[in-house]
Amino acid sequence: MFATEPLVMFVMIDRLSSFYNNLNMLYMTLMMASPMVVMMIVAMPDMFPSRRLNMLLLLGSAVAFFGSFGLIRTQTTIDDTAFLRSMIPHHSGAILMCEQASLSDAEILKLCGEIIRSQTAEIDQMKSILARK
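FYI, the numbering for the sequence shown is 976 to 1108, going by the working numbering.
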């Protein structure tokens, strides 16, 4: 579960060179996994017979979910490097959507052309900055 969720989130990048593990993906993984733990305990009580352990798992899941939510919203732990490592896949996702979507509106097509040009340039710039750090 914890291994596949971050990888699934990277399905949205346009090329493998835009794959950067980052803290925001970790937080998103924790936010997705935490409710799954709760659902497993509730839906399969026979598999989780220890009431004490269940309470600890539920508490840990709540802390992970709300803690990750707070860290994503405030970006408290995100420094220059972490920011760039988060933004490269984000920009890459915009490029993928523009390249793969079935678009017909001329204005949107023009916008996508601009997005592809600008996001590609910004990704190159961010990779250059990361290489210096």
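The beta-carbon is built from N, C-alpha and C at its ideal position, and this holds for glycine as well.
So residue i and residue j are in contact, right, with Cβ under 8 Å, and what is the actual spacing, rounded?
{"i": "Phe-989", "j": "Leu-1071", "result": "Checking the sequence, you will find Asp at residue 989 rather than Phe. Sure, about 4 Å apart at Cβ, within 8 Å."}
{"i": "Leu-1046", "j": "Thr-1052", "result": "6 Å"}
{"i": "Cys-1073", "j": "Ile-1091", "result": "5 Å"}
{"i": "Ser-1043", "j": "Leu-1078", "result": "Ser-1043 to Leu-1078, Cβ: 34 Å. No contact."}
Tell me whether residue i is buried or exposed, calling it buried when 16 or more other Cβ atoms sit within 10 Å of its Cβ.
{"i": "Pro-1024", "result": "exposed"}
{"i": "Met-1014", "result": "exposed"}
{"i": "Phe-1040", "result": "buried"}
{"i": "Gln-1094", "result": "buried"}
{"i": "Leu-991", "result": "exposed"}
{"i": "Leu-998", "result": "buried"}
Let's see if you can read the secondary structure: which residues bound the alpha helix (DSSP H) around residue i?
{"i": "Lys-975", "result": "Lying before the first or after the last residue shown, residue 975 is absent from the chain, which here runs from 976 to 1108."}
{"i": "Phe-1044", "result": "1026 to 1049"}
{"i": "Leu-1071", "result": "1055 to 1075"}
{"i": "Met-1011", "result": "998 to 1018"}
Let me make sure I understand the geometry here. Which of the options has the alpha-carbon closest to that of residue i?
{"i": "Ser-993", "options": "Ser-1079, Val-1012 and Met-1062", "result": "Met-1062"}
{"i": "Ile-1104", "options": "Asp-1055, Ile-1091, Glu-1089 and His-1066", "result": "Asp-1055"}
{"i": "His-1065", "options": "Lys-1108, Met-987 and Ala-1008", "result": "Met-987"}
{"i": "Leu-1031", "options": "Val-1012, Ala-1057 and Ala-1018", "result": "Val-1012"}
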